[in-house]
Amino acid sequence: MVYRQTVTLGSQLANNGFYRVSKNEDWNGQRGDIILMSWGADMSQSGGAGGHVGVLEDANTFISVDYWTGGQAGTAVSSHNWDQYYAIEKPAYIEAWRFSGSTATQPNTVVSGGRKPDSKAYYLANDVAFVNGIYQIKCDYLAPVGFDWTDNGIPVALVNWVDENGNNVRDGADKDFKAGMYFSFEIDEAHIRDLGEGGYYGGWYWRKFEFGQFGTVWLSCRDKDDLVNYYN
221 MVYRQTVTLG
231 SQLANNGFYR
241 VSKNEDWNGQ
251 RGDIILMSWG
261 ADMSQSGGAG
271 GHVGVLEDAN
281 TFISVDYWTG
291 GQAGTAVSSH
301 NWDQYYAIEK
311 PAYIEAWRFS
321 GSTATQPNTV
331 VSGGRKPDSK
341 AYYLANDVAF
351 VNGIYQIKCD
361 YLAPVGFDWT
371 DNGIPVALVN
381 WVDENGNNVR
391 DGADKDFKAG
401 MYFSFEIDEA
411 HIRDLGEGGY
421 YGGWYWRKFE
431 FGQFGTVWLS
441 CRDKDDLVNY
451 YN
């Protein structure tokens, strides 16, 4: 029998109220954080002895069940300083997951039902960064938990610049779009395709979109209509 717990554990956690707080980077640990480890490139390569999992007892203490104890009574479950454990074991890749404390929630927006939109939806850019060769937007409203630039970053090249009231302003170069500015998908929405795939993650419903040549993005909304339009 082949065991693949660590390979699929992330998706199982996501389906049960957890969200990812770290993807191979530092984070502020909390009691109850679940840490997945892989000695391969990512969790897909963590099968068998190539992966491990444990939980934080507090911000610094990692509870682990380790093979090297031999399973002796009173030793199989052990506690370690996380930083020291990480330095000794040297996993190539880690993820940290945290319980959201809530049940799965649909976005608090209304599907149009064929009605004309009252206006175009617009959003605040909480952060902007040059990632994967393009300028991308981090929008906390559209990615409320577990943000990842590769999965949830919105290409600046496919947004319409607006002011804080949703009025169109002149678009500039991608590099000039900054955190604290606002955007909509008006004009560019023709290049955004709803792929019809959705699911729950971290207590929120997510939808998968294709942003033209820039690839796919997961955002927390019901569908494309919900993403680009407002209904009163």
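Yeah, the sequence shown ends on 452 if you go by my numbering, and it's all consecutive.
For each residue, glycine too, the CB sits at the ideal point set by N, CA and C.
- Of the candidates VAL273, ASP253, PHE431 and ASN372, the residue whose Cα lies closest to the Cα of ALA349 is ASN372.
- In the displayed model, GLU277 falls within coil according to three-state DSSP, outside both helix and strand.
- Positions of the alpha helix (DSSP H) runs, each at least 4 residues long and wholly inside the region 362-415, are given as 369-372 in order along the chain.
- Cβ neighbours of GLU409 within its own chain (closer than 7 Å, five residues either side excluded): VAL448.
- Residues LEU233, PHE238, ARG240 and ILE254 of the same chain have their beta carbon placed closer than 6 Å to that of TRP317, with the five preceding and five following residues left out of the count.
- In terms of Cβ geometry, GLU406 and LYS340 form a close pair [threshold 8 Å].
- Shown here for ASP394: same chain residues with a beta carbon closer than 7 Å to its own, the five before and five after excluded, namely TYR355, VAL376 and ALA377 in chain order.
- Excluding five sequence positions before and after LYS243, the CB atoms of its chain that fall closer than 7 Å to its own CB belong to GLU315 and ASP368, given in chain order.
- Counting C-beta atoms within 10 angstroms of its own C-beta, LEU256 has 16 or more neighbours from the protein chains shown and is therefore classed as buried.
- Taking 8 Å as the cut-off, the Cβ atoms of LYS444 and PHE431 do not count as close.
- Non-local beta-carbon contacts of GLY230 in its own chain, meaning distances under 8 Å to residues more than five positions away in sequence, involve ARG240, LEU256, MET263, GLU315 and TRP317 in chain order.
- Counting C-beta atoms within 10 angstroms of its own C-beta, ARG427 has 16 or more neighbours from the protein chains shown and is therefore classed as buried.
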